[in-house]
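Take the numbering used here: the final residue in the sequence shown is number 470, and no numbers are missing along the way. Below is one structure, written out as structure tokens; comments come after it.
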Amino acid sequence: MALLVDTLALSVDAMALLVDTLALSVDAMTLLVDTLVLSVDAIALLVDTLALSVDAMTLLIDAMALLFNTLALQIKILLCTPSLYKLLEVV
Numbered sequence: 380m381a382l383l384v385d386t387l388a389l390s391v392d393a394m395a396l397l398v399d400t401l402a403l404s405v406d407a408m409t410l411l412v413d414t415l416v417l418s419v420d421a422i423a424l425l426v427d428t429l430a431l432s433v434d435a436m437t438l439l440i441d442a443m444a445l446l447f448n449t450l451a452l453q454i455k456i457l458l459c460t461p462s463l464y465k466l467l468e469v470v
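Next comes the structure, spelled out in structure tokens:
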């Protein structure tokens, strides 16, 4: 009879360990899902950063084009103004 009681107690302990293992498995799955969500968020941030980099590069190219256009206009003004042209000849 004592052996039966000990076996029953061990079975209850084994069931408790099984429940604890199941709870840990659920926690592990929750952490896995959270990690997956964070990974998706990180990828979205990376894509946004890439888009911002492309926008910044486009703005830089536009600024350089404006700079070159301004320089070309300044050269045209210099060459079209007779007094400045004569001044350049003197120098």
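Glycine residues also receive a C-beta, built at the ideal position from the N, C-alpha and C atoms.
Query, Result
"Where residue 409 falls: helix, strand or coil (DSSP)", "helix"
"Beta strand (DSSP E) runs wholly inside the stretch 386-462, at least 3 long, in chain order", "none"
"For residue 386 and residue 403, the rounded distance between their alpha carbons", "25 Å"
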